[in-house]
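Enquirer: Those sequence lines, one after another, are chains A and B.
In terms of numbering that gives the first Met the number 0, the first sequence is numbered consecutively and its last residue is 250.
In terms of numbering that gives the first Met the number 0, the second sequence is numbered consecutively and its last residue is 250.
2 protein chains.
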Amino acid sequence: MATMNIRPEVSLSLHQRILKDIEDNILTGRWPPGYKIPSEQALTEQYACSRMTVNKVVTQLARAGLVLRRRKTGSIVMPQNSQSAILEIYDIRHEVEALGLDYHFDIQDRTVRSPTKAEQDALSLSSRRRLLQLSCLHYAGGEPFCLEERLINLSVVPQAESESFRELAPGPWLLQHVPWNAAEHRIAAEAADDATSKYLSVPKGAPVLLVERQTWRLDETVTRVRLTYPGAQHALTARFTPTQSLNPLGM
Amino acid sequence: MATMNIRPEVSLSLHQRILKDIEDNILTGRWPPGYKIPSEQALTEQYACSRMTVNKVVTQLARAGLVLRRRKTGSIVMPQNSQSAILEIYDIRHEVEALGLDYHFDIQDRTVRSPTKAEQDALSLSSRRRLLQLSCLHYAGGEPFCLEERLINLSVVPQAESESFRELAPGPWLLQHVPWNAAEHRIAAEAADDATSKYLSVPKGAPVLLVERQTWRLDETVTRVRLTYPGAQHALTARFTPTQSLNPLGM
DNA sequence: AAGTGGTCTAGACCACTTA
DNA sequence: AAGTGGTCTAGACCACTTA
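#1: Among B/T27, B/I21, B/A47 and B/R50, which has the Cα closest to the Cα of B/I36?
#2: Residues of chain B with CB closer than 9 Å to the CB of A/E147, please, in chain order.
#3: Among the residues of its own chain, which have a CB less than 6 Å from the CB of A/L295, if the five just before and after it don't count?
#4: Less than 7 Å between CB atoms is the rule here; does A/V207 satisfy it with respect to chain B?
#5: What residues are listed by DSSP as bridge partners for B/Y102?
#6: Judging by CA-CA distance, which residue of B/I151, B/Q213 and B/V76 is the nearest neighbour of B/R112?
#7: Given a cut-off of 7 Å on the beta-carbon distance, is the pair A/C251 and A/I106 in contact?
#8: B/V66 and B/V56: beta carbons closer than 7 Å?
#9: Would a C-beta distance cut-off of 7 Å place B/L209 and B/A187 closer than the cut-off?
#10: Using a beta-carbon distance below 7 Å, is B/E142 in contact with chain A?
#11: Please return the same chain residues whose Cβ sits closer than 6 Å to the Cβ of A/T214, not counting the five positions on each side in sequence.
#12: On the DSSP letters alone, give me the boundaries of the beta strand (DSSP E) that B/Y46 sits inside.
#13: Quick one: list the residues of chain A neighbouring B/E219, beta-carbon separation under 8 Å, in chain order.
#14: Going by C-alpha to C-alpha distance, which of A/L11, A/R129, A/N54 and A/P78 sits closest to A/E160?
#15: Compute the Euclidean distance between the alpha carbons of A/R127 and B/W30, then round it to the nearest angstrom.
#16: Name, going along the chain, the residues of the region 177 to 208 of chain A whose beta-carbon falls closer than 8 Å to a beta-carbon of chain B.
#17: With distance defined between alpha-carbon atoms, name the residue in B/S49, B/P32 and B/G73 nearest to B/S306.
#18: Under a Cβ-count criterion, where at least 16 other Cβ atoms within 10 Å of its own Cβ denotes burial, should A/A205 be classed as buried or exposed?
#19: Counting only Cβ-Cβ distances shorter than 7 Å, please list the residues of the region 146 to 173 of chain A near chain B, keeping chain order.
#20: What three-state label does DSSP hand B/A194 in the structure shown?
#21: Just list the residues that DSSP pairs A/E252 with in beta bridges.
#22: By Cβ distance below 6 Å, which residues in the same chain neighbour B/S154 in space, the five residues on each side in sequence not counted?
#23: In angstroms, rounded to a whole number, what distance separates the CA positions of A/V201 and A/G99?
#24: Just to confirm the assignment, what range does the beta strand (DSSP E) spanning B/T58 have?
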């Protein structure tokens, strides 16, 4: 009654099955950010197991940053608009303000269209899916700081089509609306081409730092973004320890 | 008798104290890679607690990649020369061979010296410490692939002074000899200067990808390295999920 | 005062792996 | 056959937090 697994995951241990159940509830959005998850006592009854077993699961989810544990009032699905380590890394506003500079951004371009053949392959999409394509320029102290070129999979995030992105930049908006599962990064240095040099106000051929990131929810691509920074003045930093489970992950 | 904590960490729970004890044993090198750690039964007696408590600790250490659990023969400190996710990320040989190219490297320069004032600050060193400075060029398919400029803190790794680095490049050699605690990265794009363009056989001013990494063991800097890649042809990639405790960390 | 999570116990049975 | 880790139980006491 509690589990809805169709796949015959017979070899999973009890706490692994419970973990997967709850993870699914969160990642599909059935339990949205802020949702109060059942208490350990309730989960114990629901899964007809001991409290230690569900405690292990919820503790693990908390360490992974998916839930927030609180006494007396109970645990909730992590509100993704809170100041998580992940948000700090993904929000260019934080980067800029950490440098002590004023931040603003504007949307330069916005198009809804079908995926090209290359995009169907790269994003694992069928040709019937529609994409929202955004170009966004981020400023630090009034100067161009980062060019963001983004594709959003509208079959995963249909609300994006009617969103203006005037209040919140696409990155943080997505973090608030779509729980994600996995991310992949690619980092490279390139010479600025014509368009990039104009957007970022750097000479053509100047070194720029390229960060490409693709993000999934379960098996579907949520978004792919390409961030271009003037290379000489900007740097990404990250710190981590191998012995902690969740920390500012990598970059 | 089992613990040697001097600091009054009174607020730590029992399993946190045990975790810290074992972590210290590993990170200081008292328990070197491959060392067979006490069985859960032995730890249970040593700390006069239940098996669940030590099991929780060792499971956590295994998830963090510090120990390798094996039935019957017992758990051991993670052999850092094995194919761990961390090693794959840190070993340029892996990068090159993943591209299907032949790999080799050579040491271009090797100097033992005192730290400059700037280095004393950056590495938190006193002026009496000595540093080993290495320049190393990595090749892929016979072509220059990456320039490595490294400083090694000889007070943490005295064995490095007599090491030739002929068999093993400095990065993997350090991974085998020094357990580390924390790492910090800085990534940027730059234009190749005179020396770099010669080393890497790229035009002066061409975009290069710069990765700077500093690594600590407990509170001491182990090494600082600056890796320079021809930017146009190379890219770093990384993949991670927020719900797993240890994975190819960020980058 | 009462609900919740944090931690710990003292057992148990089993699977896996090597001797 | 025997040692080890993997998992789970059914309790317990407590700290914290809000009602």
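From the three backbone atoms N, C-alpha and C, an ideal C-beta is built for every residue, glycine too.
Expert: With the structure as the only source:
#1: In the second sequence, the residue the question calls residue 36 of chain B occupies position 37. Measuring from the Cα of B/I36, the nearest candidate turns out to be B/I21.
#2: As a first step, residue 147 of chain A is located in the first sequence; it is residue number 148 there, counting from the start. Going along chain B, no residue has its Cβ under 9 Å from A/E147, so there is no contact; the nearest lies around 17 Å.
#3: Beyond the ends of chain A as shown, which are 0 and 250, falls residue 295 of chain A; an answer cannot be given.
#4: Counting from one through the first sequence, the residue named residue 207 of chain A turns up at place 208. So yes, A/V207 belongs to the interface.
#5: In the second sequence, residue 102 of chain B corresponds to position 103, counting from 1. Answer is B/A139.
#6: By 1-based counting over the second sequence, the position of residue 112 of chain B is 113. It is B/I151.
#7: With chain A covering 0 to 250 only, the question about residue 251 of chain A has no answer from this structure.
#8: As a first step, residue 66 of chain B is located in the second sequence; it is residue number 67 there, counting from the start. As a first step, residue 56 of chain B is located in the second sequence; it is residue number 57 there, counting from the start. Cβ distance not < 7 Å, so B/V66 and B/V56 don't count as in contact.
#9: Here residue 209 of chain B refers to the residue found at position 210 of the second sequence. Here residue 187 of chain B refers to the residue found at position 188 of the second sequence. Against a cut-off of 7 Å, the Cβ pair of B/A187 and B/L209 comes out as a contact.
#10: Reading the second sequence from its first residue, position 143 is the one you call residue 142 of chain B. B/E142 does not count as touching chain A.
#11: Counting from 1 along the first sequence, the entry for residue 214 of chain A is found at position 215. The residues are W179, A182, V221 and T222.
#12: If you number the second sequence from 1, residue 46 of chain B lands on position 47. Careful: B/Y46 lies outside any beta strand (DSSP E) and carries neither H nor E.
#13: Reading the second sequence from its first residue, position 220 is the one you call residue 219 of chain B. Within 8 Å Cβ-Cβ: nothing; B/E219 doesn't reach chain A, min ~14 Å.
#14: Against the first sequence, residue 160 of chain A aligns to sequence position 161. Checked all of A/L11, A/R129, A/N54 and A/P78; the closest Cα to A/E160 is A/R129.
#15: Taking the first sequence and counting its residues from 1, one reaches residue 127 of chain A at position 128. Taking the second sequence and counting its residues from 1, one reaches residue 30 of chain B at position 31. Roughly 58 Å separates the two Cα atoms.
#16: Closer than 8 Å at the C-beta level to chain B, one finds these residues of the region 177 to 208 of chain A: W179, N180, A181, A182, E183, H184, R185, I186, A187, A188, E189, A190, G204, A205, P206, V207 and L208.
#17: Residue 306 of chain B lies beyond the range of chain B shown here (0 to 250); nothing can be said about it.
#18: For this step, residue 205 of chain A is matched to residue 206 along the first sequence. Burial call: buried.
#19: Answer set for the region 146 to 173 of chain A: empty.
#20: In the second sequence, the residue the question calls residue 194 of chain B occupies position 195. In the structure shown, B/A194 sits in a helix (DSSP, three-state: H, G or I).
#21: Summary: the structure shown does not reach residue 252 of chain A, with chain A confined to residues 0 through 250, and so no result is reported for it.
#22: Against the second sequence, residue 154 of chain B aligns to sequence position 155. So the qualifying residues of the chain are R128.
#23: Residue numbering aside, residue 201 of chain A sits at position 202 when the first sequence is read from its first letter. Residue numbering aside, residue 99 of chain A sits at position 100 when the first sequence is read from its first letter. Taking the straight line joining both Cα atoms gives about 22 Å.
#24: Along the second sequence, one-based indexing puts residue 58 of chain B at 59. First-last for B/T58: R50 to R62, but that is the alpha helix (DSSP H), not the beta strand (DSSP E).
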